[in-house]
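Below is one structure, written out as structure tokens, with a few remarks after it.
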Amino acid sequence: GQQVMQIPQYQHVQEGEDFTTYCNSSTTLSNIQWYKQRPGGHPVFLIQLVKSGEVKKQKRLTFQFGEAKKNSSLHITATQTTDVGTYFCAASSGNTGKLIFGQGTTLQVKP
Amino acid sequence: ETGVTQSPTHLIKTRGQQVTLRCSSQSGHNTVSWYQQALGQGPQFIFQYYREEENGRGNFPPRFSGLQFPNYSSELNVNALELDDSALYLCASSLEGVFGSPLHFGNGTRLTVT
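The following block contains the structure:
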């Protein structure tokens, strides 16, 4: 079945440093969504990307969808302690709209 | 707008027992998906319910079953519990028919099987 792979699994940064997580698939994706899960919490929707080469920004967060629609990235500029958590990408399985999640990248930010 | 609510929040069961987890979807949402999240892992898709019918299933055995009710709330039933079933069970509601409709998750039920 369809899988999405995320790297890295863990990232420790100093507050103020940048952070990037990558999401890759062997198949073309119809769309990709990003979620954030705080420690002890549940995944919360951040954004959806649909178009080839699409770039979206939310304050310090920049999301990109690859030209071939097989990869995506999330970049955080100047991390803050509030950015701590696990970031998941999730892709629709076929035409069903059901989401398959990656393994996540856990971000730790040292103040 | 009422969010997704799950009950109970925590549960401890013995191997071989059966368990029922409950989920109320967000108002206006007609689709419910269930996910299993083991510690340190991403959510694994169990199944989705739409119009009271199972609308897709992940790689889980038949002892995982579910129901959706006319008010769109849902239940997840697990029979013959195994130690590996210990996990956070997440329910998420969404709007079927809306492409890429984001999932709205509940806080989850933490199941421990001893």
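Heads up: the sequence lines are chains A and B, in that order. The first sequence begins at 1 in our numbering and counts up by one. The second sequence begins at 1001 in our numbering and counts up by one. C-beta atoms are modelled at their ideal positions from N, C-alpha and C, and glycine is treated no differently.
query: Where does D18 of chain A land, buried or exposed, given buried means 16+ other C-beta within 10 angstroms?
result: The residue labelled residue 18 of chain A in the question sits at position 18 within the first sequence. That one is exposed.
task: Would you mind working out which of A:P43, A:Y87, A:G66 sits nearest L29 of chain A, comparing C-alpha positions?
output: Locating residue 29 of chain A in the first sequence gives position 29, counting from the first residue. For the residues A:P43, A:Y87, A:G66, the minimum Cα distance to L29 of chain A belongs to A:G66.
- prompt: Whose C-beta lies closer than 8 Å to the C-beta of S1073 of chain B among residues of the same chain, with five residues either side of it excluded?
  reply: Position 73 of the second sequence holds residue 1073 of chain B. Contacts found: R1022, C1023, S1024, S1025, V1032.
query: Of all the options B:T1109, B:P1043, B:G1108, which has the alpha carbon lying nearest to the alpha carbon of G102 of chain A?
result: In the first sequence, residue 102 of chain A corresponds to position 102, counting from 1. Nearest C-alpha to G102 of chain A: B:P1043.
- prompt: Taking just the CA atoms, how far does Y1035 of chain B sit from G1056 of chain B?
  reply: Taking the second sequence and counting its residues from 1, the one referred to as residue 1056 of chain B is at position 56. Taking the second sequence and counting its residues from 1, the one referred to as residue 1035 of chain B is at position 35. Rounded to the nearest angstrom, the two C-alpha atoms are 12 Å apart.
Reduced DSSP secondary structure (H/G/I, E/B, other) of T1014 of chain B: Sequence index remark: in the second sequence, residue 1014 of chain B carries index 14 (1-based). Coil at T1014 of chain B, not helix or strand.
task: Pull out every residue of the segment 1027-1045 of chain B whose Cβ sits closer than 7 Å to any Cβ of chain A, in chain order.
output: S1033, Q1041, G1042, P1043, F1045
Neighbouring residues, chain A, relative to Q1048 of chain B (Cβ below 7 Å): The residue given as residue 1048 of chain B occupies position 48 in the second sequence. Within chain A, the residues near Q1048 of chain B are K98.
- prompt: Leaving out the 5 sequence neighbours to the left and right, which residues in its chain are closer than 8 Å to M5 of chain A when beta-carbon positions are compared?
  reply: Here residue 5 of chain A corresponds to residue number 5 of the first sequence, with the count starting at 1. So the qualifying residues of the chain are C23, N24, S25, G102, Q103.
field: Per-residue DSSP class, three states only, for L29 of chain A
entry: Working through the first sequence from its first residue, we reach residue 29 of chain A at position 29. Correct three-state label for L29 of chain A: coil.
field: Exposure of F1045 of chain B, with buried meaning 16 or more beta-carbon neighbours within 10 Å
entry: Residue mapping note: residue 1045 of chain B aligns to position 45 of the second sequence, counting from 1. The residue is buried, with at least 16 neighbouring Cβ atoms inside 10 Å.
- prompt: Does DSSP put L1095 of chain B in a helix, a strand or coil?
  reply: In the second sequence, counting from the first residue as 1, residue 1095 of chain B sits at position 95. Coil at L1095 of chain B, not helix or strand.
task: Express the C-alpha separation of Q108 of chain A and K69 of chain A in angstroms, rounding to a whole number.
output: In the first sequence, counting from the first residue as 1, residue 69 of chain A sits at position 69. In the first sequence, counting from the first residue as 1, residue 108 of chain A sits at position 108. In a straight line, the C-alpha of K69 of chain A is about 28 Å away from that of Q108 of chain A.
- prompt: Since K36 of chain A contacts G85 of chain A with CB under 8 Å, what's their CB separation in whole angstroms?
  reply: Here the question's residue 36 of chain A lines up with position 36 in the first sequence. Here the question's residue 85 of chain A lines up with position 85 in the first sequence. Right, their Cβ atoms sit about 5 Å apart.
task: Evaluate V1078 of chain B with the Cβ neighbour count: other Cβ atoms within 10 Å of its Cβ, from every protein chain shown; 16 or more gives buried, anything less gives exposed.
output: Indexing the second sequence from 1 puts residue 1078 of chain B at position 78. V1078 of chain B is buried by the Cβ-count criterion.
query: When you compare each of B:A1087, B:V1113, B:L1103, B:A1092 to Q1041 of chain B by their alpha carbons, which one comes out closest?
result: Locating residue 1041 of chain B in the second sequence gives position 41, counting from the first residue. Per the Cα distances, B:A1087.
task: For the beta strand (DSSP E) containing V1078 of chain B, list its first residue and its last residue.
output: Locating residue 1078 of chain B in the second sequence gives position 78, where the first residue counts as 1. Looking at the DSSP string, the run of the beta strand (DSSP E) that includes V1078 of chain B is 1074-1078.
Beta-carbon spacing of T1009 of chain B, R1110 of chain B below 8 Å: The sequence position of residue 1009 of chain B within the second sequence is 9, counting from 1. The sequence position of residue 1110 of chain B within the second sequence is 110, counting from 1. Closer than 8 Å, so yes.
- prompt: Are T62 of chain A and V13 of chain A closer than 8 Å when you measure CB to CB?
  reply: Taking the first sequence and counting its residues from 1, one reaches residue 62 of chain A at position 62. Taking the first sequence and counting its residues from 1, one reaches residue 13 of chain A at position 13. Cβ atoms of T62 of chain A and V13 of chain A: not closer than 8 Å.
Presumed contact (8 Å Cβ cut-off) between P1102 of chain B and Q11 of chain A, rounded CB distance: Within the second sequence, residue 1102 of chain B is the residue found at index 102, counting from 1. Within the first sequence, residue 11 of chain A is the residue found at index 11, counting from 1. The Cβ separation is near 24 Å, so there is no contact.
Start-to-end residues for the beta strand (DSSP E) that takes in G85 of chain A: Here residue 85 of chain A refers to the residue found at position 85 of the first sequence. Segment 85-92, the beta strand (DSSP E) holding G85 of chain A.
- prompt: Apart from the five residues on each side of it in sequence, which residues of its chain come closer than 8 Å, Cβ to Cβ, to R1063 of chain B?
  reply: Here residue 1063 of chain B is taken as the residue at index 63 of the second sequence, counted from 1. The residues are V1078, N1079, A1080.
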